[in-house]
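Notes to accompany the following structure.
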Amino acid sequence: MTIYLKTFQVFESVQEMDAHIRSHLSQNCYKLNDTDRAVLSLLSQYACKYAGATHLKVKTITQAINKSDATVRRTLRKLESLHVIKRISTIRRVTKGYGANILIILPFDDQSEMISRVDSQTLVNPSTEQHLSQEETYYSLSSKKELLHNTFSNEIVSSSFSVDNSTNKNLSTFYQLFQSTIFSMLGEDQKTVSQLYGVYRSLTYRVTNYFPQYKDFYEKIGYQALTISLHASQKKKVRNLAGYYVGIFEKICQRDLFKFYAEFEE
3 MTIYLKTFQV FESVQEMDAH IRSHLSQNCY KLNDTDRAVL SLLSQYACKY
53 AGATHLKVKT ITQAINKSDA TVRRTLRKLE SLHVIKRIST IRRVTKGYGA
103 NILIILPFDD QSEMISRVDS QTLVNPSTEQ HLSQEETYYS LSSKKELLHN
153 TFSNEIVSSS FSVDNSTNKN LSTFYQLFQS TIFSMLGEDQ KTVSQLYGVY
203 RSLTYRVTNY FPQYKDFYEK IGYQALTISL HASQKKKVRN LAGYYVGIFE
253 KICQRDLFKF YAEFEE
C-alpha cells in the first residue's frame, strides 16, 4: 500500500520535514496539548521514507500513544483544522471499503498562502471553511448543505478565472467548457453556472491546491457529473440540481478513485 505514497511526498528530506514541524509547534504552542504533540511526533516517525506522508491506521496510533480511539480521532481533526496535517481517505482494493487514511504533514510556509487564496477567491463562506477543515476527506464532504448554497457572482467568476490570466489558463478553459455546456443544455443561465461551478470548486479546491497533478482527474469527474446531472434535469424534475450534482460527483469519485489507487499498486 505504500508504493503510491511517493506521489504524496511533501518534503525533499526528513530534515526539511522536521524544520517545518518545529515551525508548526512554535506557531501553535498554546493551542496544542501533550496528546497533540505526541500524535504529530508519531506521524513524523512514520513519515520518513516519503518525507511528510504516511499511511497509518488510527488503531496503530492509539496503541503507540496509549490513548482511546475517540481521543486520537479528535486530535487528528484538531491538527487538520490548524493546517498542520491533511487526511486523505483511501479505498480497500478488495472490499472497496474505506481503508486507513493517508496522513500528510503540511509545509508550514504554505499556510498563509493557502488561506489568502481562499479569502481572495471567496470559494466558501466562513462557516463552511471551518467545517471543511475538520471533516474533509479526499473526495467526500459532509457539509453538503453549506456547499449547495455556495455560489459565485458573475463578477467574481470573471475576475477569479479570467481568460487573460496566463496562470489560470487551464482553469479558465475548464470553466468555459463548464459554462458552455450549461448554456447549450439549459440556455444562458449564468446563475446555474455560478452555483454549480462554485460547488465543483468547493469539492476540489483543496486537493488540487495540494496536488495540482490531479487537476485533470477531478476536472474529468466534474464534467462527467455535470453532463449526467443536466441530462437528468431534462428528463425529470430535479428539485435541487446542486445537490444532485454533488451526489453524482461522489459516486463517480468512488468508482474512479478505486481504479486510481489500483494503478499505483501495480
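Under the working numbering, the letters of the sequence shown match residues 3 to 268, in that order.
In this text, a Cβ means the ideal position worked out from N, Cα and C, and glycines have one as well.
Everything numeric in this text was worked out from a predicted model, so none of it was measured.
Original post:
Any idea if P109 is buried or exposed, counting beta-carbon neighbours within 10 angstroms, 16 or more meaning buried?
Top reply: Here the question's residue 109 lines up with position 107 in the sequence shown. Classification of P109: buried, given that the 10 Å Cβ count is 16 or more.
Original post:
Near V55, which residues of its chain fall below 7 Å by C-beta distance, leaving aside the five closest residues on each side in sequence?
Top reply: For the purposes of this step, residue 55 is taken as the residue at position 53 of the sequence shown. The sequence shown places Ala at residue 55, rather than the Val named in the question. Correct list, in chain order: L7, F10, Q11, V12, A49, I104 and I106.
**OP:** Could you name the residues of the same chain whose beta carbon sits closer than 6 Å to that of L84, not counting the 5 residues immediately before and after it, in chain order?
**Re:** As a position in the sequence shown, residue 84 is number 82, starting the count at 1. Result list for L84: N30, in chain order.
Original post:
DSSP on K88, reduced to helix/strand/coil?
Top reply: Taking the sequence shown and counting its residues from 1, one reaches residue 88 at position 86. DSSP places K88 in strand when its eight states are reduced to three.
**OP:** Just mark R24 as buried or exposed, buried being the case when its beta carbon has 16 or more other beta carbons within 10 Å.
**Re:** Taking the first residue of the sequence shown as position 1, residue 24 is located at position 22. Exposed, because fewer than 16 other Cβ atoms sit within 10 Å of the Cβ of R24.
Subject >> M19 vs A53 beta-carbon contact at 8 Å >> reply: Counting from one through the sequence shown, the residue named residue 19 turns up at place 17. Counting from one through the sequence shown, the residue named residue 53 turns up at place 51. Yes. Within cutoff.
Original post:
By a C-beta neighbour count over all protein chains shown, 10 Å radius and 16 as the cutoff for buried, is D71 buried or exposed?
Top reply: Position 69 of the sequence shown, counted from the first residue, corresponds to residue 71. Classified as exposed, D71 has fewer than 16 neighbouring CB atoms from the shown chains inside 10 Å of its CB.
**OP:** Provide the residue span of the alpha helix (DSSP H) that contains N103, from first to last.
**Re:** For this step, residue 103 is matched to residue 101 along the sequence shown. It is not in any alpha helix (DSSP H) - N103 instead sits in the beta strand (DSSP E) that spans N103 to I107.
Original post:
Is K80 buried or exposed, if buried means 16 or more other CB atoms sit within 10 Å of its CB?
Top reply: As a first step, residue 80 must be located in the sequence shown, where it is residue number 78. When all chains shown are included, K80 counts as buried.
**OP:** Within the same chain, show all residues whose beta-carbon is closer than 6 Å to that of V195, passing over the 5 residues directly before and after it, in chain order.
**Re:** For the purposes of this step, residue 195 is identified with residue 193 of the sequence shown, where counting begins at 1. For V195, where only same-chain residues beyond five positions count, the Cβ hits under 6 Å are Q181 and I184.
**OP:** Report, in whole angstroms, the separation of the C-beta atoms of I63 and L44, which I expect to be a contact under 8 Å.
**Re:** Along the sequence shown, read from residue 1 onward, the residue named residue 63 stands at position 61. Along the sequence shown, read from residue 1 onward, the residue named residue 44 stands at position 42. The pair is a contact, with the Cβ atoms about 6 Å apart (cut-off 8 Å).
Original post:
Beta carbon of T37, beta carbon of K69: below 8 Å?
Top reply: Numbered from its first residue, the sequence shown carries residue 37 at position 35. Numbered from its first residue, the sequence shown carries residue 69 at position 67. It is a contact, given that the beta carbons lie within the stated cut-off.
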